[in-house]
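Accompanying notes for the structure given below.
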Amino acid sequence: MPSFVCDCNKKNEPEPIGFDKHFAPTCAREYSYRYDSYDAKHETLKYTRPHECNDCPLAHDSLCQKVYKMKITKDLRRYTAPARGSKKWNQLYKARSAVERVNAYLKGYFLLNQIYHCTGKKAKVHFDLVHIAYNASRLAMDRLRYTNLQESTAS
């Protein structure tokens, strides 16, 4: 089972119609379907009808499906196994390494994912400069925090 876990950057996209913030499908009354399982053979995520739809008059209509399957190959950035927002996904997200967290931070705040250079050497220099700037700012913040802690304990 794939275990690639990362934030989904918005990239100025509108909110998807018929899906919630974790890209799970929603019913006609905007209740999110619950993640049920992942089928590795067909590479699909299986969602089941929400509990709120048990007494819904649309539950037996064609508008509300009992089971909803989504292929993860449709959009690998949005659909992961396990599904976003599930308990297993949250556990994997919390277990990311420090390197993954720093790289995600750099992509989000230092625009590292928007490098448009023709050669790999220029991209590598840009990447190195961003890392130096990040490490310098992090070191400065740690030293300020340490001196503030020393001053507060001394007084």
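Numbering-wise (full-length UniProt numbering), the sequence shown opens with residue 1 and increments by one. Quick reminder that beta carbons are idealized off the backbone N, C-alpha and C, glycines included. Owing to the predicted nature of the structure, the values given are computational and were not obtained by experimental measurement.
Looking only at its chain, what residues have a beta carbon closer than 6 Å to the beta carbon of residue i, apart from the 5 residues adjacent to it on each side?
{"i": "K107", "result": "N113"}
{"i": "K66", "result": "R49"}
Starting from the C-beta of residue i, find all residues in its chain whose C-beta is less than 7 Å away, skip the five residues before and the five after it, and write them out in chain order.
{"i": "E151", "result": "none"}
{"i": "V130", "result": "L106, F110 and L112"}
For residue i, name the three-state secondary structure that DSSP assigns.
{"i": "Y68", "result": "strand"}
{"i": "T73", "result": "helix"}
{"i": "K41", "result": "coil"}
{"i": "R145", "result": "helix"}
{"i": "S155", "result": "coil"}
{"i": "E13", "result": "coil"}
{"i": "E30", "result": "coil"}
{"i": "L139", "result": "helix"}
Take residue i and list the residues in its own chain whose beta-carbon comes closer than 8 Å to its own, dropping the five residues that flank it on each side.
{"i": "F19", "result": "P25 and T26"}
With residue i and residue j assumed to form a contact (beta carbons below 8 Å), what rounded beta-carbon distance in angstroms separates them?
{"i": "D36", "j": "T48", "result": "5 Å"}
{"i": "I72", "j": "L111", "result": "The Cβ separation is near 27 Å, so there is no contact."}
{"i": "H22", "j": "R84", "result": "4 Å"}
Based on the DSSP output, what are the partners of residue i in its beta bridges?
{"i": "P25", "result": "F19"}
{"i": "residue 161", "result": "With the chain covering only 1 through 155, there is no way to say anything about residue 161."}
Worksheet entry | Every unbroken beta strand (DSSP E) inside the segment 73-137 [3 residues or more] | Runs found: none.
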